[in-house]
Amino acid sequence: MRQLIREALPLMAAPLLSLGLEEGTWEGLVGPSTVGGSLADVAMPCHSLSPVLKKSPSDIAGEISSAISDSLIGIAEVSSLNGFVNLSAAESWLSARVEVLTADPRMGVSLDEPRVIAVDYSAPNVAKEMHVGHLRSTVIGDAIVRMLEFKGHTVHRENHVGDWGTPFGMLIEHLLDIGEGNVAGEKGISDFDLFYKEARTKFDEDPEFAERARSRVVMLQSEEEETLRLWRILVDVSTNYFNDVYSMLGVLLTDDDLMGESAYRHLLPNVVDRLSETGMLQNSEGADVVFLGGKWLNRDGEPFPVMIRKADGGFNYSTSDLACIIDRVERIGCDELLYVVGTPQKQHFEMVFEVATKAGFMDQSHRAVHVNFGSVLDSSGQMLKSRKGQTVKLVDLLREAVSRAESSISEKNPGLSGDERESAARMIGIGAVKYSDLSSDRTKDYVFDWDRMLSFEGNTAPYLQYAHARICSIFSRSGIGRESVQESQINLGTPEEVDLAKTLVLFSEAVDYSAAGLYPHRLCTHLHSIASSFASFYEVCLVLDEDEEVKSSRLAMCDLTARALSLGLGLLGIDCPERM
RNA sequence: GGGCGUGUAGCAUAGCCUGGAUAAUGCACUGGCCUCCUAAGCCAGGGACCGCGGGUUCGAAUCCUGCCGCGCCCGCCA
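As structure tokens, this is what we get:
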């Protein structure tokens, strides 16, 4: 309702001046109402004016209310209660707003001043299974990418896959033991968990293998040709597998977005040089480190460093992340760097950002944000660890979701069959998984519960998709084209229509609020309220079989609702079937 | 020990940034609603001293502070 406020404020100035309130003293009090219902959309608490005007808040609210109500005719109805001045959007104002939206494919969502933004997300490991932890990063990152692109920004997707480092010695040797012909090409690796575990076991238990693995690491780091070829096999097999998962999930990531750790390996010495030039680098027990000081103390109360180059000459992840920052700022020209990575790495990113800022890799014009997310917990509230407990393979989870969706469809709507049922099952099952992850505050821990995420009740994707499908059904049944109603005159004859109109008008604010904070759940919350308002509207307002004027208005509302839902879910990476 | 985060009905969550009115939503529970556009739905109802104590304020779930519980981080792993 920011537009209501924008329109109302100038009209309130003169009447308020006549009550003794100077311009600039009261505007900040006007904001969204905190009470629901039809009472108010915008409210102005008058309690703080009490000492100024030497009257009770209740009297002040009453006086303001009667002073401004004539000025706001056609915009809002004004009343007062409990020391609040309440503005409720006028029906004519609301219907005019809705009419503007019906002609706008962007549903009122404005474009921001464009920035160049890198979003680092997903980041699976080569030769390892993708599990539920990757699900969060992938789904949240993808939603953020879509929202930011929609707001007009240039977004670079960065998939920082784990494709370099010491584990590749044992992985390559294991590949040789198995025989590359059994892995390369179409065959792939059928079980990455098993592959990794076998390599690990041999490394731990077979000294001869461990020795081969260690010298293989040296060959890899010196970029020996044959070793690089073998490494490439593992990378290719894995990225094919990642692509299968991405395509099943329906995310934007492609091979063009791959920027693994290996891609930055030649920049690492450069990081050392540049840190050295600034004088930040210190030698500690043979290693090159940066001491930031401040609150960075270890458990003995001593300062602890950011490790840049280990005593053995190797680099670790801080260095790699610094190289990334340099690359993204200087080569890609990013204004903003977003890292969709779990909360446990918060301290790491704080330190890396601090080093990068002090070293001048970033300046005031750059913004680096750790877009953190909570851990995945099981139903008993424990961390879902990949070490011991049975890890849920991402592919298995997604297949299960789709198959559950398919059986629900068979049960609820036997009329759907063949390709259409299959495609609806995919949209519903995958949508359910994504939505359950996106719909709560990402910074908090996420309770992973198959029954809840696949349940088709409550604040879930299927509930929103169902509202969308019902609308599509109205149009297909009546044979009326969606576009043909987009210039209809809007009449809000019932409370349900008014309520629906308000949630639709608030759509653009919800998108902005969600994108600005990088919080997809805010958009979910609003989409749910749209679907919920629509469901109430649908019960009470017969769309077809009314007189022409009512019918065209309601059809336009239906079209707008369906567009809000599919656009909104689309920004979250979730598709809507027309029938389900 | 230090740092960071978190605590809201039986369960799961929103609201906290930017303080306002009777704390919102879903599941579960109770009771209603399909000769009518998909009942995967709708309507009504019960259920919360917003972890505990101080402070600021006309007003605190929200801001400050002290406790308590839980979690994560403090590795020459990423």
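In terms of my numbering, the first sequence is residues 2 to 581.
From the three backbone atoms N, C-alpha and C, an ideal C-beta is built for every residue, glycine too.
Quick one: grab the DSSP three-state call for residue i.
i	result
H154	coil
E225	coil
S81	strand
Q477	The residue asked about is misnamed: residue 477 is Ser in this sequence, not Gln. Looking at S477 - three-state DSSP - the assignment turns out to be helix.
V291	strand
F210	helix
V45	Contrary to the premise, residue 45 reads as Met rather than Val in this sequence. It is a strand residue.
A128	coil
I491	coil
A360	coil
G574	coil
S285	strand
F169	helix
S387	Residue confidence is low: S387 scores 40 on pLDDT, short of 50, so the model does not pin down where it sits. Its coordinate-derived value is still stated next. In this structure, S387 counts as coil in the three-state DSSP scheme.
Y340	strand
H267	helix
K203	helix
A21	The sequence as given places Gly at residue 21; Ala does not occur at that position. G21: coil per DSSP, three-state reduction.
F457	coil
F374	strand
V307	strand
L254	coil
A91	coil
E550	helix
P58	helix
V110	coil
Count the other C-beta atoms from every protein chain shown that fall within 10 angstroms of the C-beta of residue i, then say buried if there are 16 or more, exposed otherwise.
i	result
N126	buried
V506	buried
E1	There is no way to answer for residue 1, as the model of the chain reaches only from 2 to 581.
D397	exposed
A433	buried
A15	exposed
S521	Residue identity differs from the one stated: residue 521 is Pro in this sequence, not Ser. P521 should be labelled buried.
K503	buried
V101	exposed
E174	buried
I74	exposed
P578	buried
M2	buried
A104	exposed
N87	buried
N299	exposed
L195	exposed
L177	exposed
R147	buried
D207	exposed
R233	exposed
P115	exposed
D164	buried
S440	buried
Measure how close the beta-carbons of residue i and residue j come, nearest whole angstrom, since I'm counting them as under 8 angstroms.
i	j	result
G84	S59	5 angstroms
V218	T167	5 angstroms
S380	D289	Contact flag wrong, Cβ pair sits at about 46 angstroms.
S80	S66	6 angstroms
N538	L501	Checking the displayed sequence, the identity of residue 538 turns out to be Phe instead of Asn. Between L501 and F538 the Cβ distance is about 5 angstroms, and since that is below 8 angstroms, they are a contact.
I61	S51	7 angstroms
V330	M352	Actually they do not touch by this definition, with Cβ atoms about 18 angstroms apart.
L172	A128	5 angstroms
Considering only the beta carbon of each residue, do residue i and residue j sit closer than 8 angstroms?
i	j	result
I431	A402	yes
T240	L259	yes
I145	V341	yes
M108	L568	yes
L601	V272	Residue 601 is absent from the structure shown; the chain starts at 2 and stops at 581.
D560	Q490	no
G375	T444	yes
R137	D576	no
A43	L95	The amino acid occupying residue 43 in the given sequence is Val; Ala does not appear at that position. In this structure, L95 does not lie closer than 8 angstroms to V43 by Cβ.
P306	F292	yes
So does the segment 189–201 actually touch the segment 140–151, counting three or more Cβ pairs closer than 8 angstroms?
Result no; under three Cβ-Cβ pairs closer than 8 angstroms.
Given 8 angstroms as the limit, is there contact between the segment 327–342 and the segment 362–371, that is, 3 or more CB pairs closer than that?
They touch, by the three-pair rule.
Would you call the segment 193–213 and the segment 247–257 touching, i.e. three or more CB-CB distances under 8 angstroms?
Taking one beta carbon from each stretch, the segment 193–213 and the segment 247–257 have fewer than 3 pairs nearer than 8 angstroms; the two do not touch.
The segment 529–543 in contact with the segment 455–474 per 3-pair CB rule at 8 angstroms:
By the Cβ test, the segment 529–543 is in contact with the segment 455–474, since at least three Cβ pairs between them sit closer than 8 angstroms.
Cβ contact check for the segment 553–569 and the segment 414–427: 3 or more pairs under 8 angstroms:
Between the segment 553–569 and the segment 414–427 there are fewer than three C-beta pairs closer than 8 angstroms, too few to call the two in contact.
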